[in-house]
Amino acid sequence: MNERRPAAGVAAGGIAPRPPMKLNRRVLALAGFGAAIALAPLPLPEFYVTLLNYIGLATLVALGLVVMTGVAGIVSFGQQAFVGVAAYATAGLTTLLGASPWSGLLASLALTAAAALLLGVVTLRLSGHYLSIATIAWGIAIYYLFGNLPALGQYSGIDNVPPVALGSWVFDSNRKSYYLIWVVVVAALVAAHNLLDSRSGRAIRALRFRSAMAESCGVDTSALRLVVFVYAALLAGMAGWLHAHFLRFVSPHAFGVNAGIDYLFMAVIGGASHVWGALVGASIMTLLKEWLKDVLPALLQHTGNFEAIVFGALMIVLLQRTRDGLAPALARRLPRAPRTWPADAPALPRRERPPPGAPLLDVAGLGKRFGGLVAVDDVSFTLASGEILGLIGPNGAGKSTTFNLISGALAADGGSVQLLGERIDRLPARGIARRGLGRTFQHVHLVSRMSVLDNVALGAHLRGAKGTLAAMLRGDRAEERRLLAEAARQIQRVGLAEHLHDAAGSLPLGRQRLVEIARALAGDPVLLLLDEPAAGLRHGEKRALAELLRRLRDDGVSILLVEHDMEFVMGLVDRLVVMDFGQKLAQGLPHEIRAHPAVIEAYLGGVE
Ligand code: ADP
Ligand code: MG
1306 MNERRPAAGV
1316 AAGGIAPRPP
1326 MKLNRRVLAL
1336 AGFGAAIALA
1346 PLPLPEFYVT
1356 LLNYIGLATL
1366 VALGLVVMTG
1376 VAGIVSFGQQ
1386 AFVGVAAYAT
1396 AGLTTLLGAS
1406 PWSGLLASLA
1416 LTAAAALLLG
1426 VVTLRLSGHY
1436 LSIATIAWGI
1446 AIYYLFGNLP
1456 ALGQYSGIDN
1466 VPPVALGSWV
1476 FDSNRKSYYL
1486 IWVVVVAALV
1496 AAHNLLDSRS
1506 GRAIRALRFR
1516 SAMAESCGVD
1526 TSALRLVVFV
1536 YAALLAGMAG
1546 WLHAHFLRFV
1556 SPHAFGVNAG
1566 IDYLFMAVIG
1576 GASHVWGALV
1586 GASIMTLLKE
1596 WLKDVLPALL
1606 QHTGNFEAIV
1616 FGALMIVLLQ
1626 RTRDGLAPAL
1636 ARRLPRAPRT
1646 WPADAPALPR
1656 RERPPPGAPL
1666 LDVAGLGKRF
1676 GGLVAVDDVS
1686 FTLASGEILG
1696 LIGPNGAGKS
1706 TTFNLISGAL
1716 AADGGSVQLL
1726 GERIDRLPAR
1736 GIARRGLGRT
1746 FQHVHLVSRM
1756 SVLDNVALGA
1766 HLRGAKGTLA
1776 AMLRGDRAEE
1786 RRLLAEAARQ
1796 IQRVGLAEHL
1806 HDAAGSLPLG
1816 RQRLVEIARA
1826 LAGDPVLLLL
1836 DEPAAGLRHG
1846 EKRALAELLR
1856 RLRDDGVSIL
1866 LVEHDMEFVM
1876 GLVDRLVVMD
1886 FGQKLAQGLP
1896 HEIRAHPAVI
1906 EAYLGGVE
């Protein structure tokens, strides 16, 4: 074991995935969990085994919601409809056409995936809550479809669904079904845990934040949102298939809109961003519901659906007390594995760098309007390799907009941008990142609950290639070690080694800006775009930052720096471009700019 331990580092809270634990602890923990699952039904009466089966099915659906809603921030109220589609698909195929449950499984998953793809393609591109609203509509539509189609038995459903058989082994009792269900649940939990602790997992965590950040790291956010949506639907589909063959019948009542809200409750109660939260939430909800069903009517001397009211009240209490659900609170009480990083992993290949002085960036006639406001008006300048170019000007001059046009976060109305002789102004931000442009944001964009190490590793996204499937099956470990090692190196480079495992959001602003620089560096950029990196820094921090930027330039990273702190810029940059009211006002060496009458006028007579 060549793994080095970090000298210090406060444990990152909540959703931060852990660096690889020591093997023996991990195996031990898993073996213990496996044994508990295997032995649980032995002493239990039939009724509780059935309950455990329900918990298993609910865990699968809630797990999809944990990843999709809790981690990626996409809210769906329609998971029960995916469960239903899968359950009906396999029930219909096996009873009406006499197919085997295994063909039913293929059909169930294919149908849920297709439905999710269709729903996702139509709604995911729209921002805001369109998807959530669409999932409600989809849930209602599916419920009434099941209830009204004569071929599907209308509201009485389909019965006599055959049990699953594996060779001569038939899962035809509660106890046998228990093992089928829980093997799937455990596999899904482990796969989801692996997924979140990977290159794709970091990208998924970044989805809930402004997509400009993830895109600037090279993540195709629309495609990934679709993948996550289909993934969650497939977990629900898996639950649907198991449901049909364990209960041996399907009816629309299990797939009503209420069920969809229950699943969301489970994810929230358990901890909407924690894989094990799905299990905790599903257990608590299922048991509580069962118990309340007995207790409440006796207590109130009335029959009725009182659970819903009690659940609502409990939710409010719970969210007051533990914002993040129960799973993280429980996890905090368990001993933590020592945090390590793979210091010995082989370095990633680096990009070829143009020789110093070679033309790197060529901005020509760039323009951008926001309605009637011309934010950037016919701006042209060039930047040579090995140079630090300052872009300065009063507030509202159009610096950030220019910056966003170059990095592809905004589309230009006119003009062109070339990087290393190639037109980049029609490319999406992730395409520009791929060609060697790294950037930071004026308002820091970090995944605040993720560790500094993972935030920076997100910046190396394009230097890896392993996708979601490889991550779930742990086929990504060698690449992952190289990505994390690269991230750790960049963190050391900006001087944050002692914060490697801290939650990024726990650092003071000045350090968060450094994390953003490290994240941009992890992409091995030829050109680094920094938007007001010195804003909010103290004097000493500014000096250290200037020192860092000089060092980076000496290492061959060219820098375009947007700044309005003149003092900071003057001692640092090689050349300056001055903007005012969207136009280029002047350009030249620092001492020329300092004496330029129009610049003095803009700064002294302007809004500053
Ligand atoms: P700077 O970074 O130099 O302070 P900006 O590029 O942020 O300036 O803004 C230039 C002008 O464009 C400002 O007047 C600002 O209000 C306007 N602006 C910037 N972004 C938008 C936007 N998304 N929609 C409308 N107006 C915008
Ligand atoms: Mg700005």
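Start counting the sequence shown at 1306; every next residue gets the next number (this note's numbering). We put the beta carbon where it would ideally sit given N, CA and C, even for glycine.
**Item:** CB of I1441 within 8 Å of CB of F1382, strictly
**Value:** Position 136 of the sequence shown, counted from the start, is the residue given in the question as residue 1441. Position 77 of the sequence shown, counted from the start, is the residue given in the question as residue 1382. In contact: I1441 and F1382 (Cβ atoms closer than 8 Å).
**Message:** Checking the sheet assignment: what are the DSSP bridge partners for S1863?
**Reply:** Working through the sequence shown from its first residue, we reach residue 1863 at position 558. L1832.
**Item:** Neighbourhood of P1895 by C-beta distance below 7 Å, restricted to the same chain and skipping five residues each side
**Value:** Working through the sequence shown from its first residue, we reach residue 1895 at position 590. Here the set comprises M1875, V1878, L1881.
**Asked** Are S1756 and A1809 closer than 8 Å when you measure CB to CB?
**Response** On the sequence shown, position 451 is the one that residue 1756 refers to. On the sequence shown, position 504 is the one that residue 1809 refers to. Yes, these two residues count as a Cβ contact at 8 Å.
**Request:** Any chance you could list the alpha helix (DSSP H) runs of at least 4 consecutive residues sitting entirely within the region 1684 to 1764, in chain order?
**Result:** For the region 1684 to 1764, whole alpha helix (DSSP H) runs of length 4 or above, ordered along the chain, are 1704 to 1712, 1734 to 1739, 1757 to 1763.
**Item:** Secondary structure of D1682, DSSP reduced to three states
**Value:** Translated into positions along the sequence shown, residue 1682 becomes position 377. Correct three-state label for D1682: strand.
**Message:** Using CA atoms only, rank isn't needed, just tell me which of G1672, H1579, A1415, A1412 is closest to V1495.
**Reply:** Translated into positions along the sequence shown, residue 1495 becomes position 190. Of all alpha-carbon atoms in G1672, H1579, A1415, A1412, the one lying nearest the alpha-carbon of V1495 is that of H1579.
**Asked** Shortest alpha-carbon distance to L1835 belongs to which of R1843, H1844, L1853?
**Response** Working through the sequence shown from its first residue, we reach residue 1835 at position 530. The candidate whose alpha carbon is nearest that of L1835 is L1853.
**Asked** What are the boundary residues of the alpha helix (DSSP H) that includes A1825?
**Response** Counting from one through the sequence shown, the residue named residue 1825 turns up at place 520. Start and end: 1814 to 1826.
**Request:** Sort I1445, S1588, I1447 by Cα distance to Y1353 and report the nearest one.
**Result:** For the purposes of this step, residue 1353 is taken as the residue at position 48 of the sequence shown. That would be S1588, whose Cα lies nearest to the Cα of Y1353.
**Item:** Cβ-heavy atom distance, S1756 to the ligand MG, below 7 Å
**Value:** Numbered from 1 along the sequence shown, position 451 holds the residue referred to as residue 1756. For S1756, the shortest separation between its Cβ and any heavy atom of the ligand MG does not lie below 7 Å.
**Prompt:** Nearest to P1813 by CA position, among G1339, D1649, L1751, N1465, is which residue?
**Reply:** For the purposes of this step, residue 1813 is identified with residue 508 of the sequence shown, where counting begins at 1. Minimum Cα-Cα distance from P1813 among the listed residues G1339, D1649, L1751, N1465 corresponds to L1751.
**Asked** Are A1839 and F1886 touching if we call contact CB-CB under 8 Å?
**Response** Locating residue 1839 in the sequence shown gives position 534, where the first residue counts as 1. Locating residue 1886 in the sequence shown gives position 581, where the first residue counts as 1. When the beta-carbon positions are compared, A1839 and F1886 stay at least 8 Å from each other.
**Request:** With DSSP as the reference, label A1652 as helix, strand or coil.
**Result:** Here residue 1652 is taken as the residue at index 347 of the sequence shown, counted from 1. Coil.
**Message:** Between the alpha carbons of R1530 and S1516, how many angstroms are there, rounded?
**Reply:** On the sequence shown, residue 1530 is found 225 positions in, with the first residue counted as 1. On the sequence shown, residue 1516 is found 211 positions in, with the first residue counted as 1. Here the alpha carbon of R1530 sits roughly 11 Å from the alpha carbon of S1516.
**Request:** Taking only heavy atoms of the ligand ADP into account, decide whether any of them is closer than 7 Å to the Cβ of S1588.
**Result:** Sequence index remark: in the sequence shown, residue 1588 carries index 283 (1-based). No, Cβ of S1588 sits at least 7 Å from all heavy atoms of the ligand ADP.
**Message:** I need the straight-line Cα distance from R1510 to G1458, nearest angstrom please.
**Reply:** On the sequence shown, position 205 is the one that residue 1510 refers to. On the sequence shown, position 153 is the one that residue 1458 refers to. If I take the Cα positions, the gap works out to 42 Å.
**Asked** Looking at the structure shown, is V1902 part of a helix, part of a strand, or coil, going by DSSP?
**Response** Residue mapping note: residue 1902 aligns to position 597 of the sequence shown, counting from 1. Note that residue 1902 corresponds to Pro in the displayed sequence, not to Val. In the structure shown, P1902 sits in a helix (DSSP, three-state: H, G or I).
**Request:** Report yes or no: do three or more beta-carbon pairs, one from the region 1443 to 1456 and one from the region 1384 to 1397, lie closer than 8 Å?
**Result:** When Cβ pairs closer than 8 Å are counted between the two stretches, the region 1443 to 1456 is seen to touch the region 1384 to 1397, the count reaching three or more.
**Message:** Can you find the residues in the same chain that come closer than 6 Å, C-beta to C-beta, to I1320, ignoring five residues on each side of it along the sequence?
**Reply:** Translated into positions along the sequence shown, residue 1320 becomes position 15. Here I1320 scores only 35 on pLDDT, less than 50, and its place in the model is too uncertain to base an answer on.
**Asked** Listed in chain order, which residues are found with a beta carbon closer than 7 Å to a heavy atom of the ligand MG?
**Response** Here the residues come out as K1704, S1705, Q1747, D1836, E1837, V1867.
**Request:** Using beta-carbon positions only, say whether A1818 and T1745 come within less than 8 Å of one another.
**Result:** In the sequence shown, residue 1818 corresponds to position 513, counting from 1. In the sequence shown, residue 1745 corresponds to position 440, counting from 1. Looking at the sequence itself, residue 1818 is Arg, so the reference to Ala does not match. Their beta carbons are under 8 Å apart, which means R1818 touches T1745 by this criterion.
**Burial state of I1621 (16 or more Cβ within 10 Å)** = The residue you call residue 1621 lines up with position 316 of the sequence shown. I1621 counts as exposed, since fewer than 16 other beta carbons sit within 10 angstroms of its beta carbon.
**Prompt:** Thinking C-alpha only, which one of K1847, L1850, L1857 is nearest A1827?
**Reply:** Here residue 1827 is taken as the residue at index 522 of the sequence shown, counted from 1. Answer by Cα proximity: L1857.
**Item:** Whole-angstrom C-beta distance between V1533 and A1770, which should lie under 8 Å
**Value:** Reading the sequence shown from its first residue, position 465 is the one you call residue 1770. Reading the sequence shown from its first residue, position 228 is the one you call residue 1533. About 19 Å separates the two Cβ atoms, so there is no contact after all.
**Prompt:** Say the cut is 7 Å; is the CB of A1716 nearer than that to a heavy atom of the ligand ADP?
**Reply:** In the sequence shown, residue 1716 corresponds to position 411, counting from 1. Within 7 Å of the C-beta of A1716 there is not a single heavy atom belonging to the ligand ADP.
**Message:** Taking only three categories from DSSP, how would you classify V1622?
**Reply:** To locate residue 1622, count along the sequence shown from 1; it is residue 317. Three-state DSSP puts V1622 in a helix.
**Item:** 7 Å Cβ shell around A1717 - same chain, five flanking residues per side excluded
**Value:** Mapped onto the sequence shown, residue 1717 falls at position 412. Apart from sequence neighbours up to five positions away, the residues of its chain that approach A1717 with a beta-carbon distance below 7 Å are L1671, G1672, K1673, L1710, D1730, ordered along the chain.
**Assigned secondary structure, Q1385 (DSSP; H/G/I helix, E/B strand, else coil)** = Taking the first residue of the sequence shown as 1, we reach residue 1385 at position 80. In the structure shown, Q1385 adopts helical secondary structure according to DSSP, grouped into three states.
**Request:** Write down every uninterrupted run of the alpha helix (DSSP H) in the region 1341 to 1384 whose length is 4 residues or greater and which is fully enclosed by it, in chain order.
**Result:** Those alpha helix (DSSP H) runs which fall completely within the region 1341 to 1384 and span 4+ residues are 1351 to 1370.
**Message:** With H, G and I counted as helix, E and B as strand and the rest as coil, what does DSSP make of V1524?
**Reply:** Taking the sequence shown and counting its residues from 1, the one referred to as residue 1524 is at position 219. Collapsing the DSSP output to three states places V1524 in coil.
**Minimum Cβ-Cβ distance from A1345 to chain D less than 8 Å** = Although the question refers to chain D, the structure presented lacks it and comprises just one protein chain.
**Request:** Please confirm whether G1506 and G1576 have their CB atoms less than 8 Å apart.
**Result:** Here residue 1506 refers to the residue found at position 201 of the sequence shown. Here residue 1576 refers to the residue found at position 271 of the sequence shown. No. Outside cutoff.
**Request:** Going by DSSP, name the residue or residues bridged to A1808.
**Result:** On the sequence shown, position 503 is the one that residue 1808 refers to. Answer by DSSP bridge pairing, in chain order: S1756.
**Message:** Suppose the cutoff is 8 Å on Cβ atoms and the five residues either side in sequence are ignored; what does the same chain contact list for L1422 look like?
**Reply:** Here the question's residue 1422 lines up with position 117 in the sequence shown. Excluding sequence neighbours, L1422 sits near L1531, V1535.
**Prompt:** Near P1647, which residues of its chain fall below 7 Å by C-beta distance, leaving aside the five closest residues on each side in sequence?
**Reply:** The residue labelled residue 1647 in the question sits at position 342 within the sequence shown. Counting only Cβ-Cβ distances below 7 Å, and skipping sequence neighbours, we find E1308, R1786, L1789, A1790.
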